[in-house]
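Under my numbering, the residue at position 52 of the sequence shown is numbered 41, and the numbers go up by one with no gaps. Down below is the structure, laid out as structure tokens.
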Amino acid sequence: MSELIGAPRGVYDILPEEAEQWQWLESRLKHVIHLAAYREIRVPIFENTDLFKRGVGETTDIVNKEMYTFLDKSDRSITLRPEGTAGVVRAYLSNGMHRLTPPVKLWYFGPMFRYERTQAGRQRQFHQIGIEALGSSGPAIDAEVILIANDCLEAVGIKDCRLELNSIGCTDCRPRYRDLLRQTLEPKLPLLCEDCKERFERNPLRMLDCKVETCQAQFVNLPSTIAELCQPCKEHWDGLLSALEQTGLKPVLNDRLVRGLDYYCRTVFEFITTDKRLGAQSTVCAGGRYDYLIETLGGTRTPAIGWAMGLERVRIISDAPSGSGPSVFAVSCDEKAALSIATRLRREGISCDLDFAPSGKPRGLGKQMEKANKTGARFAVIQGEDELASNTISIKDMKSGEQTRIPAQELVPFFSGKVGTPAN
Ligand code: ATP
Ligand code: MG
């Protein structure tokens, strides 16, 4: 046999049992998002590299270190999308959606690609679901966007999550904060990592996001972003806090939260879990306002806000049930009879499986019952020689072990109300 080909580092297969958990998660999350009238947009998995360079920003880790970029056969630089927002904004502009009545409320779901150090909860291909609201400057829409994230997490059974919230101001007030931060951090520069030294020059706010512990230890008694907000940013911030308060959602204010992407302004937030199963990767959802991005990508200045949720992390701490078996397993000495029972049930929306013997010849009823047991079927429907002769069917409740016999034509009515259609 030739040698097995393995998967590349950082990617993985979602096997059936886990895929069923994904289906459960996706349908619950979509439901919550649809309740707030966001509509799905499906954008390409690869885009021109410039979109991300301009959109995500040249000083970000994503663009500097993490992109899967390659030349296609016509020597165009292409990048597998590392995140969803830039592509959604590109689509919004190239399809004339900026002419629709604002806000344009969109959501997306799909794989993202980042060349990262892989560990639990950090893959090179991972999945995000995200929402974007384009065309309203808030703060009410900021509150809506944040509340949807909160409701999404609750809908999949995630409770121990806190919402960290900050405002990083706008192009009017951020330079002042940036200068203050530089003044405070300059004396500490020799103690900081090389990345932070570079961030100090190019984008000092990004230093606060540094993952190196010795750097974080130096970041004490820093100026507060909130204290430096200009009047309009302060009003926006106060408006957001009061809108959240009215809904009962209590944020944890964190004036060190800056987020890793260049395009954010004003509101930034993260949902962070204390669930130990995620180890260091505790942020499950992150987002913010990006009022300058649309202009950066060639549109007119348009206020916008959104978030992205990492589904690998969400799955681990959610209530997603692992796959359940079919409602019914059809057992018969005649494969065609079993298939015809299964077909009748399936057409009524009742899930049903049966045994397909490797040899092509039906196996004994005992072996088939073993298979029924293994699949986790709720009921077994049995048609042996006896039942076939008398045009009856025996039904075994696989939980209680109880067995009853019914006329064959009562098969479908027997199950009505006893089993549902499979969870989707
Ligand atoms: P981190 O600080 O963990 O690297 P980030 O700031 O790079 O996160 P975002 O770009 O804001 O993350 O992505 C939003 C969410 O997507 C994250 O909170 C996380 O749940 C998920 N995510 C990001 N990168 C990965 C990855 N490599 N593998 C799995 N999930 C990820
Ligand atoms: Mg990252």
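For each residue, glycine too, the CB sits at the ideal point set by N, CA and C.
query: Who are the near neighbours of A80 in its chain, counting only those whose CB is closer than 8 Å to its CB and skipping five residues on each side?; result: I30, V32 and M86
query: What separation, rounded to the nearest whole angstrom, lies between the Cα atoms of R335 and E399?; result: 15 Å
query: Take A319 and list the residues in its own chain whose beta-carbon comes closer than 7 Å to its own, dropping the five residues that flank it on each side.; result: A327, I330, A331, C341, L343 and V370
query: Keeping to the same chain, check which residues put their C-beta closer than 7 Å to that of E301; ignore five residues upstream and five downstream.; result: G110, Q112, F115 and H116
query: For T68 and F98, which I take to be in contact (beta-carbon distance under 8 Å), what is that distance rounded to the nearest angstrom?; result: With a Cβ gap of about 19 Å, T68 and F98 do not count as contacting.
query: Determine the DSSP secondary structure at Q112, reduced to helix, strand or coil.; result: coil
query: Is D50 a contact residue of the ligand MG, with contact defined as CB to any heavy atom under 7 Å?; result: yes
query: Just to confirm, are L152 and P240 a CB contact at a threshold of 8 Å?; result: yes
query: Entirely within the stretch 67 to 144 and at least 4 residues each: give me those alpha helix (DSSP H) ranges in chain order.; result: 74 to 83 and 129 to 144
query: Any heavy atom of the ligand COA within a distance shorter than 7 Å of the CB on F41?; result: The ligand COA is absent from the structure shown, which contains only the ligand ATP and the ligand MG.
query: Starting from the Cα of E374, find the closest Cα among P351, E47, D386 and R367 and give me that residue.; result: P351
query: What number of angstroms, rounded off, separates the C-alpha of G406 from the C-alpha of K388?; result: 17 Å
query: Measuring CB to CB, does A262 end up less than 8 Å from I306?; result: Correcting the residue identity first, residue 262 is Thr in this sequence and not Ala. Yes, Cβ-Cβ distance for T262 and I306 is below 8 Å.
query: Starting from D386, follow its DSSP beta bridges and name the residues at the other end.; result: F368
query: Sort out for me which residues DSSP pairs N192 with in a bridge.; result: The partner list for N192 (beta bridge, DSSP) is empty, contrary to what the question assumes.
query: Going by the C-beta, is F115 closer than 7 Å to any heavy atom of the ligand ATP?; result: yes
query: Going by Cα to Cα distance, which pick from L18, R278, Q10 and D168 is closest to S156?; result: R278
query: Please classify G277: does DSSP put it in a helix, a strand, or coil?; result: strand
query: Can you tell me whether R43 is buried or exposed, with buried defined as 16 or more other CB within 10 angstroms of its CB?; result: buried
query: With respect to the alpha helix (DSSP H) encompassing T38, which residues constitute its N-terminal and C-terminal limits?; result: T38 to V45
query: Are the stretch -10 to 10 and the stretch 306 to 316 touching, with three or more C-beta to C-beta distances below 8 Å?; result: yes
query: Would you verify that the beta carbon of K19 is, or is not, closer than 8 Å to some beta carbon of chain C?; result: The structure shown has no chain C; it contains just one protein chain.
query: If I'm right that R163 touches P193 with Cβ under 8 Å, what's the distance once you round it to whole angstroms?; result: Actually they are not in contact, since the Cβ atoms of R163 and P193 sit about 10 Å apart, beyond 8 Å.
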